[in-house]
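Q: Line by line, the protein sequences give chains W and C.
In short: position in the first sequence from 1, add 1291, done, that's the numbering used here.
In short: position in the second sequence from 1, add 26, done, that's the numbering used here.
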Amino acid sequence: MIFGKGSDMPIWDKEHECTSREVLDQLQLERLQATLNRAYKNVAFYRKCFDAIGFYPEEDLSDLSDIQKLPFTTRKDMSDSYPYEMFAVPLKEVVRVHSSSGTMEKPTVVGYTRLDLQNWSDLVARILSAGGVTQDDVVQITFHYGLLTGGLGIHYGAERIGASVLPTSVGRTDRQIKIMQDYRTTILVSTPSYALIMVDRMEQSGIDVKRLNLKYGICAGEPWSEEIRKEIEQRLYIKVTDNYGLSEVMGPGIAGECLEQQGMHINEDHFLAEIIDPKTGKVLPPGEVGELVLTTLTKEAFPVIRFRSGDLCYLKDETCSCGRTFKRMSRILGRSDDVVIIKGINIIPERIGDILAEIEGIRPVYQLVATRKDHHDELEIWVEISEGLFFDKMREQRAMVDVMRKKIAIFFGITPRIKLVEPGSIFRKDGKATLFVDRR
Amino acid sequence: MLFLKSIHTYYGSIHALKGVSLHVREGEIVTLIGANGAGKTTLLKTICGLLKPRKGSIHFLGEKITELPAETIVKKGISLVPEGRMVFSSLSVHTNLEMGAFCRRKARSQIQKEINSLQQQFPILSERIEQLAGTLSGGEQQILAICRALMSKPRLLILDEPSMGLAPILSREIFGIIVGLRNKGRTILLVEQNARAALQIADRGYVLETGKIILEGNTKSLLNHKEIQRAYLGKGYREVWED
Chain W
1292 MIFGKGSDMP IWDKEHECTS REVLDQLQLE RLQATLNRAY KNVAFYRKCF
1342 DAIGFYPEED LSDLSDIQKL PFTTRKDMSD SYPYEMFAVP LKEVVRVHSS
1392 SGTMEKPTVV GYTRLDLQNW SDLVARILSA GGVTQDDVVQ ITFHYGLLTG
1442 GLGIHYGAER IGASVLPTSV GRTDRQIKIM QDYRTTILVS TPSYALIMVD
1492 RMEQSGIDVK RLNLKYGICA GEPWSEEIRK EIEQRLYIKV TDNYGLSEVM
1542 GPGIAGECLE QQGMHINEDH FLAEIIDPKT GKVLPPGEVG ELVLTTLTKE
1592 AFPVIRFRSG DLCYLKDETC SCGRTFKRMS RILGRSDDVV IIKGINIIPE
1642 RIGDILAEIE GIRPVYQLVA TRKDHHDELE IWVEISEGLF FDKMREQRAM
1692 VDVMRKKIAI FFGITPRIKL VEPGSIFRKD GKATLFVDRR
Chain C
27 MLFLKSIHTY YGSIHALKGV SLHVREGEIV TLIGANGAGK TTLLKTICGL
77 LKPRKGSIHF LGEKITELPA ETIVKKGISL VPEGRMVFSS LSVHTNLEMG
127 AFCRRKARSQ IQKEINSLQQ QFPILSERIE QLAGTLSGGE QQILAICRAL
177 MSKPRLLILD EPSMGLAPIL SREIFGIIVG LRNKGRTILL VEQNARAALQ
227 IADRGYVLET GKIILEGNTK SLLNHKEIQR AYLGKGYREV WED
């Protein structure tokens, strides 16, 4: 089939997405000032941060570049504010609460006012439109519905466009495939790895992929590569776009590719994006790879100022042939911290150690191993046996492994395989065990 | 067409505007809402050059107008309909209209032509054209004040509380006139105590609080905004004007 080019597809919000730089710069400044005024007034955390460096929004922010005077906000700051300390409105104005996957001891809890939800739907609608979705489409959403932002975020955007939405959520691949065939799904929303899992399964079951009604794929949730994109496109006979979301900042809707597939347009009228050197914190010019830092410009319930995403990418500020004037960000090239992403879930390896330590009071020597079998990602945790931890009673040992698996599953939402290994068998560098090995 | 960047204005020793940024695009109605003393009128006076900002810049049609005197700003195409109308009450309606064109060096006949065309648009002016402006009713004075401002051929018309002191039915007429002006391509910046009516006719709005902008957005979202409903629209308050 013939796919549309970026310039052929309708633009959801032309007035904003194609606005001139002059107006956009002005709008960003106005909204940043309003955001800082509100955050300073309503959020003790930001007030303290600003006061500590003698920054008064009304005096010290007269130009967009003045944002560089402000300190960064980290996941740790958000975790420390658990659950509601960083909300900028009273709870009665909040109509939805989500939380991020638990890379920290405590997850980040984020809230949305009615206006936030409206904006969110519109921003996701922009991204879905850019990826080929129209009101005539049947959209199958295989993201997790629940506290994470992915499922409901995309859902509301697709409804906003007027597409027919199938909220199939995660898992049960055979049922997903049956629905895809029978309900004549035209748009698949999934993680890149799940798209491949589905196509594997279809080929195994002898289903003719060409007879599906699929046209476009919208992929997100984990870092992926151009090769994986090619593979999905060739095997599912669809065109696939990438998009970027972050629960701490809003969820999906921050940036998304148009059909030109040349980087993700950042919704700059709602988010201010900077790229910094993760070591020095210095802002880098377009084209240079660094850590993405985001500031919300319209969010009411949970404004975020200079949030360090931990994701590495670079910005492109040349114009795109689709007509949108928003800057683009490259695909995510990696992490600036040691977060590991498995099945779309962010895990900091140290946190696993914290949990293991809780169980017996001793922090064992351990290692996370990510493996991939037939596009399925698995997490293995290798734990060294030590005298204090694992004595020679088989039954108690097994019970212990069960407790570990359950605790980790509850905390992270992913069930690992726990493997007990001989003391000294985990690779050590300078006397420290390597916490993570990627075998994918 | 109008861009304000981080404007600070003082009223004597009072810091009335604290870093206000705002813009108005061609063909838009933009409204500014806020409580008494928030700085709305100060902001309008600063745009018109009646007050000088201590910091920040104002650009109009690509040109910096921050340092220009008020009369030059009128010539550049910004015209203010002041709060309380301020018609010259001891002069006739006709003379009031002529005064509106003071900065344009046009032949009398040209000015008269324009007055005639305004009379056609607003028949009430024809009826009262030789009367002293002070003898007009509040609504008529407001129409006169708007027409006087139009006589300078503004690209941007700024209105300060046009419905103040008017009966609901007259307010309604004034808002109708404002929409009519925009439909003819005029760009409008509107300050209104009747926030609901203003939000209903405007495209975008700004909320000003103690000299700072705390919210910007399209008017539909502002109308549904809890905080604004509570602070400026009054709960369970029946609309005074609605189309």
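Note that the Cβ used here is the ideal one computed from N, Cα and C, for glycine as well.
1) Give the straight-line distance between the Cα atoms of W:Phe1341 and W:Val1334, rounded to the nearest whole angstrom.
2) Where does W:Val1580 sit, in a helix, a strand or coil, going by DSSP?
3) With distances taken Cα to Cα, identify the nearest neighbour of W:Arg1597 among W:Glu1565, W:Phe1727, W:Lys1501 and W:Glu1651.
4) First and last residue of the beta strand (DSSP E) that includes W:Thr1616?
5) When DSSP labels each residue in this structure, what does C:Leu241 get in the three-state scheme?
6) Going by the DSSP bridge assignment, what does W:Asn1534 pair with across the sheet?
7) For the region 35-43 of chain C against the region 185-193 of chain C, do three or more pairs of beta-carbon atoms, one drawn from each stretch, fall closer than 8 Å, so that the two count as touching?
8) Roughly how many angstroms lie between the CA atoms of C:Glu268 and W:Val1314, to the nearest whole one?
9) Would you list, in sequence order, the uninterrupted alpha helix (DSSP H) runs of no fewer than 4 residues that lie entirely inside the region 41-128 of chain C?
10) Would you tell me roughly how many angstroms separate the C-alpha atoms of W:Ala1449 and W:Ile1358, rounded to the nearest one?
11) Whose C-alpha, out of W:Ala1486, W:Leu1327 and W:Val1385, is nearest the C-alpha of W:Gln1431?
12) Please go through the same chain and pick out, in chain order, the residues whose beta-carbon is closer than 6 Å to the beta-carbon of W:Leu1438, but skip the five residues on each side of it.
13) Which residue from W:Glu1513, W:Gly1497, W:Ile1498 and W:Arg1492 puts its Cα closest to that of W:Val1480?
14) Would you verify that the beta carbon of W:Arg1329 is, or is not, closer than 8 Å to some beta carbon of chain C?
15) Alpha carbon to alpha carbon, how far is C:Arg51 from C:Arg230? Give it in angstroms, no decimals.
16) Under the assumption that W:Arg1322 contacts W:Leu1588 (Cβ atoms under 8 Å), give the Cβ distance between them as a whole number of angstroms.
17) According to the Cβ coordinates, are W:Gln1409 and C:Ser247 closer than 8 Å?
18) Where does W:Ser1516 land, buried or exposed, given buried means 16+ other C-beta within 10 angstroms?
19) According to DSSP, which residues form a beta bridge with W:Trp1673?
20) Looking only at its chain, what residues have a beta carbon closer than 7 Å to the beta carbon of C:Ala221, apart from the 5 residues adjacent to it on each side?
21) Please tell me whether C:Leu158 and C:Thr57 are closer than 8 Å, where the distance is taken between their beta carbons.
22) Whose CA, out of W:Ser1455, W:Tyr1447 and W:Val1429, lies closest to the CA of W:Thr1476?
23) Taking W:Trp1303 as the reference, which of W:Arg1366, W:Gly1453, W:Thr1365 and W:Gly1704 has the closest Cα?
24) So is W:Asp1368 buried or exposed if we call it buried at 16+ other beta carbons inside 10 Å?
25) Determine whether the Cβ of W:Arg1615 lies closer than 8 Å to any Cβ atom of chain C.
26) DSSP state of W:Ala1724, grouped into three classes?
27) What does the Cβ neighbour count give for W:His1667, buried or exposed, with the cut at 16 atoms within 10 Å?
28) Just the chain W side, please: which residues come within less than 9 Å of C:Glu54 by C-beta, in chain order?
29) Kindly list, in the order they appear in chain W, the residues whose Cβ is closer than 8 Å to that of C:Ser32.
30) Hey, is W:Val1314's beta-carbon within less than 8 Å of any beta-carbon in chain C?
31) Specify the secondary structure class of C:Arg131 as computed by DSSP and reduced to three states.
32) Compute the Euclidean distance between the alpha carbons of W:Ser1455 and W:Tyr1507, then round it to the nearest angstrom.
33) In three-state terms, what does DSSP make of C:Lys31?
34) Using a Cβ-Cβ cutoff of 9 Å, what residues of the region 1400-1413 of chain W are near chain C? List them in chain order.
35) What is the DSSP secondary structure of W:Gly1704, counted as helix, strand or coil?
36) What three-state label does DSSP hand C:Tyr258 in the structure shown?
A: Concretely, from the data shown:
1) 11 Å
2) coil
3) W:Glu1565
4) Careful: W:Thr1616 lies outside any beta strand (DSSP E) and carries neither H nor E.
5) strand
6) W:Gly1547
7) Here the region 35-43 of chain C does not lie against the region 185-193 of chain C, with fewer than 3 beta-carbon pairs under 8 Å apart.
8) Residue placement at C:Glu268 is poorly supported in this model, since its pLDDT is 42, which falls under 50; the coordinates still yield a value, given next. So the alpha carbons of these two residues sit roughly 31 Å apart.
9) 66-74, 96-102 and 119-126
10) 34 Å
11) W:Ala1486
12) His1389 and Ser1390
13) W:Glu1513
14) yes
15) 10 Å
16) 4 Å
17) yes
18) exposed
19) W:Gln1658 and W:Lys1710
20) Ile59, Tyr258 and Leu259
21) Between C:Leu158 and C:Thr57, the C-beta spacing is not below 8 Å.
22) W:Val1429
23) W:Gly1453
24) The residue in question, W:Asp1368, is buried, as its Cβ has 16 or more Cβ neighbours within 10 Å.
25) Taking Cβ atoms only, chain C never reaches closer than 8 Å to W:Arg1615, which makes this a no.
26) strand
27) exposed
28) Going along chain W, no residue has its Cβ under 9 Å from C:Glu54, so there is no contact; the nearest lies around 11 Å.
29) Leu1320, Gln1324, Leu1352, Ser1353 and Asp1354
30) W:Val1314 belongs to the set of residues whose beta carbon lies under 8 Å from a beta carbon in chain C.
31) In the structure shown, C:Arg131 sits in coil (DSSP, three-state: anything other than H, G, I, E or B).
32) It is roughly 15 Å from the alpha-carbon of W:Ser1455 to the alpha-carbon of W:Tyr1507.
33) strand
34) Under the 9 Å Cβ criterion, the region 1400-1413 of chain W contributes Thr1404, Arg1405, Leu1406, Gln1409 and Asn1410.
35) coil
36) Assigned with DSSP and collapsed to three states, C:Tyr258 falls in helix.
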